[in-house]
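Numbering-wise, the sequence shown is residues 285 to 533 according to our numbering.
Note that beta-carbon positions come from the ideal geometry of N, C-alpha and C, so glycine has one too.
Just so it is clear, the structure is predicted and the values come from calculations on it, not from any experiment.
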Amino acid sequence: MIHLFTDFGLEGPYIGQVKAVLARECPRNEIVDLFSDLPPFNAKAAAYLLAAYGPSSNQGDIVIAVVDPTVGSARDGIVVEINGVWYVGPDNGIFEILLRHSSCVARCWRIVWRPKVVSPSFHGRDIFAPVASWIAKGSGPETGSDSRFLPTEANKITQRNWPDDLPEVIYIDHFGNMITGLRGAMVGPTAIISIKGMQLQRHTTYSDVCKNVPFCYDNGNGLLEIAVNRGRADQYFKVGVGGAVSCTH
285 MIHLFTDFGL EGPYIGQVKA VLARECPRNE IVDLFSDLPP FNAKAAAYLL
335 AAYGPSSNQG DIVIAVVDPT VGSARDGIVV EINGVWYVGP DNGIFEILLR
385 HSSCVARCWR IVWRPKVVSP SFHGRDIFAP VASWIAKGSG PETGSDSRFL
435 PTEANKITQR NWPDDLPEVI YIDHFGNMIT GLRGAMVGPT AIISIKGMQL
485 QRHTTYSDVC KNVPFCYDNG NGLLEIAVNR GRADQYFKVG VGGAVSCTH
């Protein structure tokens, strides 16, 4: 299975063109949209989401992770393998938190291959999708000596020195729920969570509180999420991606 994790959006041609390359090159592989509406240009937010959602993939799955505002620059493309899950994307910090949080040894390669024709503004289609298709067909960098890839160490992948846990809103979903960069397991039971000066009670699920009451909870992928039961937390607090969340112990 190939997972698409991008800020390309579902409207317009971009995600469709990536899917077209994958369908042509590896038609037997199922393609799913993990995220196609990541916060635009925000590799930092994407890094925390990838660390939470990527490891839920099965061994042999491939995640194409592209939030790439510096596409076409001197930054490299990379392949990362962790516990049998493959990741392909730009070396711009998007893999930093994934690599740091993983308890498994990561194998990494730089992509030195370039197609004869490549758009400097669309590496997702012209470089990362073909590389993902090779991995899906069993001809990725793990096959041995391959001039298309250059082995590298995980500690040489771009590091932005972002914190292990980010006290910010990193994604707002269809319901207006605000996902933060804080791992629920790292937020102790006595921690005080607040946003815009309002302290939030921590609960397990929506039905624990009355309608239109804000609260926070650990979402299905382990991140602390701020919600309003049958309402929109983003509108309630008038907060967007990047909004600060206070967590004190």
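Per the coordinates, the alpha-carbon of Y332 lies some 6 Å from the alpha-carbon of I381. Put simply, of V372, A327, D352 the residue whose alpha carbon is nearest the alpha carbon of D345 is V372. E309 carries a helical assignment under DSSP once its states are collapsed to helix, strand and coil. K421 and S491 have their C-alpha atoms spaced approximately 45 Å apart. With a beta-carbon spacing of about 5 Å, A327 and N376 fall inside the 8 Å limit used to define contacts. The DSSP-derived three-state label of S417 is helix. Burial of T290 is indicated by the presence of at least 16 other C-beta atoms within 10 angstroms of its C-beta. Note that the C-beta distance between V363 and W393 is below 8 Å. For R516, the CB contacts under 6 Å within the same chain, skipping 5 residues up- and downstream, are G460 in chain order.
If you compare the alpha carbons of P339, A475, E365 with that of P435, the shortest gap goes to E365. Across the set D457, D448, I479, K480, the C-alpha of D448 shows the shortest separation from the C-alpha of R467.
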